[in-house]
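What follows is a single structure, written as structure tokens, with notes after it.
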Amino acid sequence: MLTLLSILLAYLIGSISVSTLLVRVVKRVDIRSYGSGNAGATNTLRLLGWKYGILVLLLDALKGALSVYLAYAFTHHSLPVEYVAGLAVIVGHNWPIFFGFRGGKGIATTIGVFLVLLPLPALLAGIVALIVVALTRFVSLGAISFVVLSPIFLALLTNRTGALLFSAAAAVLAIYRHRENLVRLAQGKERRLFDHS
1 MLTLLSILLA
11 YLIGSISVST
21 LLVRVVKRVD
31 IRSYGSGNAG
41 ATNTLRLLGW
51 KYGILVLLLD
61 ALKGALSVYL
71 AYAFTHHSLP
81 VEYVAGLAVI
91 VGHNWPIFFG
101 FRGGKGIATT
111 IGVFLVLLPL
121 PALLAGIVAL
131 IVVALTRFVS
141 LGAISFVVLS
151 PIFLALLTNR
161 TGALLFSAAA
171 AVLAIYRHRE
181 NLVRLAQGKE
191 RRLFDHS
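Residue 162 in this note's numbering is what sits at position 162 of the sequence shown, and the numbering runs on without skipping anything.
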């Protein structure tokens, strides 16, 4: 029972779309109708500026970390449940029940989940991702670098099959949500970080 509750709660926490709520309050518009159309930190940054973009990034990451922690507390550290809860909060962020199943791409939430469940690989992947963004100004490329490199670093550093399967599944989710970004990158049409068009 507590296992199912942990997973359901994680999905519901993920379904709280911080960027949608914040932009609605501050600008009185639906973030999904502006900019990239994505309910996430980067689009919030473009619409409202750095302060709000960073706030969304932190709160979305907190959703991920909190969901894993609650699964840990409810199940007395059952790693399989924590992995499933981690995926559930990402799914909730991407397809939120409270917002017509139209959410974000889940990277900030994935960061929060990974920092709790695989901190060192996530930290190393995060450093590389930041360098990628700094050099290219493509947030999407940095995001994909993060989710792809996290399981690779995990495989190089440890022998945790469950964690590897979990992180690979999270990477697949992120890549799927970035499929249009990948097409635009290939076509040379992807927006860079400070582009407002």
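The C-beta atom is built at its ideal place from N, Cα and C for all residues, glycine as well.
DSSP three-state assignment for residue i, whether helix, strand or coil
| i | result |
| --- | --- |
| R184 | helix |
| W50 | helix |
| H76 | coil |
| S197 | In this prediction, S197 scores a pLDDT of 49, lower than 50, which makes its location untrustworthy; the coordinate-derived value is nonetheless stated afterwards. Three-state DSSP puts S197 in coil, outside helix and strand. |
| L154 | helix |
| P119 | helix |
| A41 | helix |
| R32 | helix |
| R102 | coil |
| I127 | helix |
| R191 | coil |
| I97 | helix |
| S211 | Given that the chain is displayed from residue 1 to residue 197, the structure contains no residue 211 and the question cannot be resolved. |
| R179 | helix |
Whether residue i touches residue j by CB criterion (8 Å)
| i | j | result |
| --- | --- | --- |
| L193 | V133 | yes |
| R137 | R32 | no |
| A174 | G112 | no |
| S140 | N181 | yes |
| F213 | L12 | The structure shown has nothing for residue 213, since the chain only spans 1 to 197. |
| V84 | I7 | yes |
| A215 | L87 | There is no way to answer for residue 215, as the model of the chain reaches only from 1 to 197. |
| R46 | G35 | yes |
| S167 | F114 | yes |
| G106 | R177 | yes |
| A10 | G92 | yes |
| L157 | P119 | no |
Sequence-distant residues of the same chain with beta carbon closer than 8 Å to residue i, five excluded per side
| i | result |
| --- | --- |
| V128 | S145, F146 and L149 |
| L164 | P151, L154 and A155 |
| L185 | F138, S140 and L141 |
Neighbourhood of residue i by C-beta distance below 6 Å, restricted to the same chain and skipping five residues each side
| i | result |
| --- | --- |
| T20 | I31, A39 and F99 |
| D60 | V18, A108 and T109 |
| A41 | G53, V56, L57 and A108 |
| W226 | This structure leaves residue 226 out entirely; the chain is present only between 1 and 197. |
Distance between beta carbons of residue j and residue i, contact taken as under 8 Å
| i | j | result |
| --- | --- | --- |
| G14 | V89 | 4 Å |
| G142 | L130 | 7 Å |
| L62 | T44 | Actually they are not in contact, since the Cβ atoms of L62 and T44 sit about 15 Å apart, beyond 8 Å. |
Same chain only: Cβ atoms within 7 Å of residue i, ignoring 5 sequence neighbours per side
| i | result |
| --- | --- |
| V172 | none |
| E190 | F138, S140, N181 and R184 |
| A71 | S6, A10, V81, E82 and A85 |
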